[in-house]
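Peer 1: Take a look at the following structure, please.
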Amino acid sequence: MMTPMFLWEQVLNGLIAGSMYALMATGLSLIWGTMRVLNFAHGEFFMLGAFFALTAFELLELPLAPAIAVALLGVFLAAVLVHRVTVAPLMRQRGWDFSTIAATLGVSIVLQDIALMTWGERFQSLPYFVEGIVHVAGVRLPAQRVLILLAVIIVVAGLVTLLRFTRFGMAIRAVASDPEAASACGINTPAIHAATFGIAAMLAALAGIILAPIIAINPWMGVPPILKAFVVVVLGGLGSLPGAVIGGYLLGIIEALGVAAFSSEWREAVALTVLIIVIWLRPQGLFGQRIREA
Amino acid sequence: MTIRTWIRGAVGAVVLALAAGTASAEVKVGVVLPASGPAATTGISLRDGMRLAVNEWNARGGVRVGAGQQSVTMIIEDSQSRPEVGVSGAQKLLSRDQVHFLIGEAFASSVSLAIMELSPQFRTPIMSGQSIATAISNKIRDDREKYRRFFKANFNSDVYAIALRDFTQVMRTQGRLPAGGGRIAFVVEETDAGRSNVADVSRLLREEGWSVATVEVVPLNHTDFFPQLSKLRALNPDLVVTTFTSPQAGASFVRQWNEQGMRMLHAGIYYPLITEFARLAGRSTEGMVWLPKLFDPDRVALHRDFAQRARASLNREINTDVAYGYCYMMLALTVIDAAQSLDPDAIVAELQKVDMPCVMGRYRFDPTNNTAMVGADYLSAPIAQVQDGISHIIWPPALASSEYRPAGSR
Amino acid sequence: MLRLENVSVFYGAFQVLWDVSLDVPEGTTACVLGPNGAGKSTVLKAMAGLVPVRGRVLYRGQDISRLPAARRVGLGMSLILERRRLFTGMTARENLLLGGYLLPRVRRDERLREVVSLVPGVDALLGKRAGDLSGGQQQLIAIARGLMAEPSLLLLDEPFLGLSPKAVNEVEAIIMSLGRAGMTIVFNEQNVRKSLAMSDRAVLLEGGRLIAAGPSAEIGAGDIVQRVYFGTHVAQGGAA
Chain U
1 MMTPMFLWEQ VLNGLIAGSM YALMATGLSL IWGTMRVLNF AHGEFFMLGA FFALTAFELL
61 ELPLAPAIAV ALLGVFLAAV LVHRVTVAPL MRQRGWDFST IAATLGVSIV LQDIALMTWG
121 ERFQSLPYFV EGIVHVAGVR LPAQRVLILL AVIIVVAGLV TLLRFTRFGM AIRAVASDPE
181 AASACGINTP AIHAATFGIA AMLAALAGII LAPIIAINPW MGVPPILKAF VVVVLGGLGS
241 LPGAVIGGYL LGIIEALGVA AFSSEWREAV ALTVLIIVIW LRPQGLFGQR IREA
Chain D
1001 MTIRTWIRGA VGAVVLALAA GTASAEVKVG VVLPASGPAA TTGISLRDGM RLAVNEWNAR
1061 GGVRVGAGQQ SVTMIIEDSQ SRPEVGVSGA QKLLSRDQVH FLIGEAFASS VSLAIMELSP
1121 QFRTPIMSGQ SIATAISNKI RDDREKYRRF FKANFNSDVY AIALRDFTQV MRTQGRLPAG
1181 GGRIAFVVEE TDAGRSNVAD VSRLLREEGW SVATVEVVPL NHTDFFPQLS KLRALNPDLV
1241 VTTFTSPQAG ASFVRQWNEQ GMRMLHAGIY YPLITEFARL AGRSTEGMVW LPKLFDPDRV
1301 ALHRDFAQRA RASLNREINT DVAYGYCYMM LALTVIDAAQ SLDPDAIVAE LQKVDMPCVM
1361 GRYRFDPTNN TAMVGADYLS APIAQVQDGI SHIIWPPALA SSEYRPAGSR
Chain W
2001 MLRLENVSVF YGAFQVLWDV SLDVPEGTTA CVLGPNGAGK STVLKAMAGL VPVRGRVLYR
2061 GQDISRLPAA RRVGLGMSLI LERRRLFTGM TARENLLLGG YLLPRVRRDE RLREVVSLVP
2121 GVDALLGKRA GDLSGGQQQL IAIARGLMAE PSLLLLDEPF LGLSPKAVNE VEAIIMSLGR
2181 AGMTIVFNEQ NVRKSLAMSD RAVLLEGGRL IAAGPSAEIG AGDIVQRVYF GTHVAQGGAA
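Quick look at the structure:
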């Protein structure tokens, strides 16, 4: 049964699932890296992205591409607002580390309730962005899934370009490295924090939008992905972008191969076992750095 | 308590007692059902179906008691789907109202399990309705004497397994499945329903020479089935059985199954019943086999006739629950009529030998556990196939509006 | 050029600076003196806008008390933080470019070339990862990064801390040359003699209060410094 073809098919399945994990974890890691905040509301931006796209597509009757753009912009603004009213004021206090966890957890619940009141609990769905079947190296795949793979690769490449080669990206990295020194360079640190929060939320929203045709849109859809994303950032190393991306793909592949080798029932167990081994051998995660001095 | 409220209560009790006294020339059937709470919609439908049966009997002069006929009164108590509320309602019906027959509970298994413990204290026959829990039947089987007046008018939870087994037998005779038994694979949700379906189906099919290729258990609301589908394709079983309680998981599976161009025989249990499922799955359901398609007023003549009659009388949408409610009350009144007596023992004796065709199937009780018998001829979980966008019952033959069509024959 | 008027600073409920008033004239080099915990770094951070203050901070007559640090950089103030505080994961060149964050792109690249010529030894370090550099090299990059913003006022917090004697001499030479070139400089440093020798004016703090301020030669001539450092002086409010 374990033919090379079958294994390759599972690796591909894992890459596709993993690309969504990577996208979620990248945002989570970006926020942690720049402001040392564990954003428990990250899954809700995944959910909001899907609902915004659905509303733009069905209610405003926009074509798909503009609907997605509107949804991403909407989530960016929503996230900046959330940052401004919850995270930013707390970060100005001393000893805010734990209070941001409590605050983002609260935001998560509030956003779920707002979604429930706005869109109801009925499961909804977006149409496939692309129809048809594609054959990738002998494996039959729906075009929508290939789109997921490509979109995530493009987005991650775009993000790396932004961070590496633009003035804005350098400012984000500077703030991540040392916010006080960044301020001393003339960088508006609070604004960079807000923008980073918004961009990270957009990554989650994009994941939600691309997945919307495959999974049903509902107010609680953000919960499973954020749990996966937490596993990924621990696996890859908190705050490390390569860690988030590679960790995401790795988790996806491990899960798919776990299903192949054992059974679906053991999927989570196999993934968590790998995680425990990694933490045991490298407590800082695959790509994490040991906690730097404050 | 003030004097005034005390007086009001006393007056009320006297009026009730008088009312009960004047109604003594009637046949009284007590019903415990969820008229409020989470299952209220089902409860109301059941009640309407029962009312239809009572009206039909009364229009014909009532049920035979002794030499004459007596009209039927239905007394309803709300259980709110809660065992303790249901039991107190049943107690009231049995002691105060002194009903001649108790349908209790008409829906929730948990309430029926509680009410059946009242049975040994009363001579009145009690029958549960839609409750499906196998535990009820097992209790009766294990203590026949104690529960001899308690009957279960619905099938056990292994009905799906039985239907699938019977269906595969037909498919084998048609040469569509291996004659000596094939290989079965499961993809089910991490729920009691999922697990018990795996246990029941694999037990029954193993007896027929089948082997289990794999059991894939996924978490609730799982939506990415590609790893499972790849594995299924590699294993290539003869039959894939899926059970989900969430329509989103079911719809994802069916859509991805379709996208991957899977060709095996696939039977979905339970989730295709949920209204949301059809909307989410869209055209991907084409060709899928599923169960139970309990009520099909569009294509099954028996169901259509009932639906028309019921709609005219009740002036509401007619669904599975209305039909079930109708059959439960028909059962109660048929056995009283056959006994021609309100003596509990005579009614119980008639329940033991009743053989009544009704809109949802033919009712007969298995003497070993007082449970409605299951099979193509009795109650069943009819199996349907989506053909050109419409779910046609393909098994049992008595209800079938079409035959199985293999994938790709469109 | 820079004036503090009755500046107090609190860390939470804890007051670390009490009613400090001082004046740094344009073109001078001023040193902030005082024993450990006197509030030297806090004075520099209050000037740079990295801590919230009570009282007024005036820059070229403009009240900048409520202006965040990043905006003060745009006005021509540049702070080089204690212990260099480079962006260690980035190259020296990226650190320098970030120092010129507020400059237009073309001007920024131009300024990079100017700064390289102003601070000897930086050129060879540009391609290296900042975290891999020695303490002295890091301080050169930190100063160069501070200069990237084209400041008129340069604030240096403990520029010699943790450096080798050779590196101390290099850094000292650079600061002296910047002062000679007319830049206004405020720095603090533990070594009193070196500080007084390098500066035109001196400010003496103790326990968060201003003890003395004036020309370095005058401050050095009296015994006030010795009394503060050797604990014989008792701080009194308004002793300035």
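Line by line, the protein sequences give chains U, D and W.
Residue numbers for the first sequence follow the working numbering, beginning at 1 and rising by one.
Residue numbers for the second sequence follow the working numbering, beginning at 1001 and rising by one.
Residue numbers for the third sequence follow the working numbering, beginning at 2001 and rising by one.
A virtual CB, placed ideally from N, CA and C, is assigned to each residue, including glycine.
Helix, strand or coil: which one does DSSP assign to residue 1327 of chain D?
Peer 2: In this structure, residue 1327 of chain D counts as helix in the three-state DSSP scheme.
Peer 1: Among the candidates D:1040, D:1042, D:1073, whose CA atom is the shortest distance from the CA of residue 1056 of chain D?
Peer 2: The residue with the shortest Cα to Cα distance from residue 1056 of chain D is D:1073.
Peer 1: Using the DSSP secondary-structure output, state which residues sit across from residue 1372 of chain D in a beta bridge.
Peer 2: Partner(s): D:1365.
Peer 1: Against chain W, which members of the region 181 to 207 of chain U pass a CB distance test of less than 9 Å?
Peer 2: Those would be 181, 182, 183, 184, 185, 186, 187, 188, 189, 190, 191, in chain order.
Peer 1: For residue 1075 of chain D, which of helix, strand or coil comes out of DSSP?
Peer 2: Residue 1075 of chain D falls in the strand class under three-state DSSP.
Peer 1: State the DSSP-derived secondary structure class of residue 2241 of chain W, mapped to helix, strand or coil.
Peer 2: Nothing in the structure corresponds to residue 2241 of chain W, since chain W is present only between 2001 and 2240.
Peer 1: Could you name the residues of the region 25 to 47 of chain U whose beta carbon sits closer than 8 Å to any beta carbon of chain D, in the order they occur along the chain?
Peer 2: Taking 8 Å as the Cβ-Cβ cut-off against chain D, none of the residues of the region 25 to 47 of chain U qualify.
Peer 1: Is residue 219 of chain U close to chain D, meaning its C-beta is less than 8 Å from at least one C-beta of that chain?
Peer 2: No, residue 219 of chain U lies away from the interface with chain D (no Cβ there is under 8 Å from its Cβ).
Peer 1: If we count the other Cβ atoms within 10 Å of its Cβ and call it buried at 16 or more, is residue 1018 of chain D buried or exposed?
Peer 2: Because the pLDDT at residue 1018 of chain D is just 48, under 50, the model does not fix this residue reliably, and the value given afterwards should be weighed accordingly. Exposed is the call here.
Peer 1: Within the 8 Å Cβ cut-off, does residue 2087 of chain W reach chain A?
Peer 2: Considering every chain present, this structure includes no chain A. Its protein chains are U, D and W.
Peer 1: DSSP state of residue 1262 of chain D, grouped into three classes?
Peer 2: Correct three-state label for residue 1262 of chain D: coil.
Peer 1: Three-state secondary structure (DSSP) at residue 2205 of chain W?
Peer 2: Strand.
Peer 1: From the beta carbon of residue 1226 of chain D, is the nearest beta carbon of chain U less than 8 Å away?
Peer 2: Closer than 8 Å: yes.
Peer 1: For residue 133 of chain U, which residues in chain D fall below 8 Å Cβ to Cβ?
Peer 2: Result: 1259, 1261.
Peer 1: Assuming residue 1183 of chain D is part of the beta strand (DSSP E), what are its boundary residues?
Peer 2: Where residue 1183 of chain D is concerned, the enclosing beta strand (DSSP E) stretches over 1183 to 1189.
Peer 1: Hey, how far is the Cα of residue 2158 of chain W from the Cα of residue 2180 of chain W?
Peer 2: Taking the straight line joining both Cα atoms gives about 20 Å.
Peer 1: Classify residue 280 of chain U: buried if its beta carbon has 16 or more other beta carbons within 10 angstroms, exposed otherwise.
Peer 2: Exposed is the call here.
Peer 1: Taking all protein chains shown into account, do 16 or more other C-beta atoms lie within 10 angstroms of the C-beta of residue 85 of chain U, making it buried, or fewer, making it exposed?
Peer 2: Exposed is the call here.
Peer 1: Return yes when the Cβ of residue 2220 of chain W is within less than 8 Å of the Cβ of residue 2027 of chain W, no when it is not.
Peer 2: Going by C-beta atoms, residue 2027 of chain W is not nearer than 8 Å to residue 2220 of chain W.
Peer 1: Three-state secondary structure (DSSP) at residue 2028 of chain W?
Peer 2: Looking at residue 2028 of chain W - three-state DSSP - the assignment turns out to be coil, as it is neither helix nor strand.
Peer 1: Chain W partners of residue 178 of chain U, CB-CB under 9 Å?
Peer 2: Result: 2081, 2085, 2086, 2087, 2088.
Peer 1: For residue 2023 of chain W, which beta-bridge partners are listed by DSSP?
Peer 2: Answer by DSSP bridge pairing, in chain order: W:2003.
Peer 1: Please list the partners that residue 123 of chain U has in chain D, where partner means a Cβ-to-Cβ separation under 8 Å.
Peer 2: Within 8 Å Cβ-Cβ: 1247, 1248, 1276, 1280.
Peer 1: List, from N- to C-terminal side, the beta strand (DSSP E) runs of 3 residues or more that fit wholly inside the region 1148 to 1211 of chain D.
Peer 2: Runs found: 1150 to 1152, 1183 to 1189.
Peer 1: Evaluate contact between the region 2017 to 2024 of chain W and the region 2207 to 2218 of chain W, counting only Cβ atoms and requiring at least three cross-stretch pairs below 8 Å.
Peer 2: The region 2017 to 2024 of chain W vs the region 2207 to 2218 of chain W: in contact.
Peer 1: Output, in sequence order along the chain, the residues in the region 1201 to 1218 of chain D whose CB is closer than 7 Å to any CB in chain U.
Peer 2: Answer in chain order: 1214, 1215, 1216, 1217, 1218.
Peer 1: Can the beta-carbon of residue 2131 of chain W be found less than 8 Å from the beta-carbon of residue 2080 of chain W?
Peer 2: No, they are not a contact pair.
Peer 1: Could you give the DSSP three-state label for residue 2172 of chain W: helix, strand or coil?
Peer 2: Reduced to three states, the DSSP call for residue 2172 of chain W is helix.
Peer 1: Would you say residue 168 of chain U reaches chain D, if we count a Cβ-Cβ gap shorter than 8 Å as a contact?
Peer 2: By this cut-off, residue 168 of chain U is not an interface position.
Peer 1: Give me, in chain order, the residues of the same chain whose beta-carbon lies closer than 7 Å to that of residue 1368 of chain D; leave out the 5 immediate sequence neighbours on both sides.
Peer 2: So the qualifying residues of the chain are 1141.
Peer 1: Please report the residue range of the beta strand (DSSP E) in which residue 189 of chain U lies.
Peer 2: No beta strand (DSSP E) contains residue 189 of chain U, which is instead part of the alpha helix (DSSP H) from 189 to 211.
Peer 1: When Cβ atoms are compared, which residues of the region 1284 to 1309 of chain D fall closer than 7 Å to chain U?
Peer 2: Under the 7 Å Cβ criterion, the region 1284 to 1309 of chain D contributes no residue.
Peer 1: Would you mind stating whether residue 194 of chain U and residue 88 of chain U have Cβ atoms separated by less than 8 Å?
Peer 2: Yes. Within cutoff.
Peer 1: By Cβ distance below 7 Å, which residues in the same chain neighbour residue 1063 of chain D in space, the five residues on each side in sequence not counted?
Peer 2: Same-chain partners within the cutoff: 1027, 1057, 1069, 1070, 1072, 1333, 1336, 1337.
Peer 1: Would you give the residue range spanned by the beta strand (DSSP E) that residue 1068 of chain D belongs to?
Peer 2: Note, residue 1068 of chain D: beta strand (DSSP E), 1068 to 1070.
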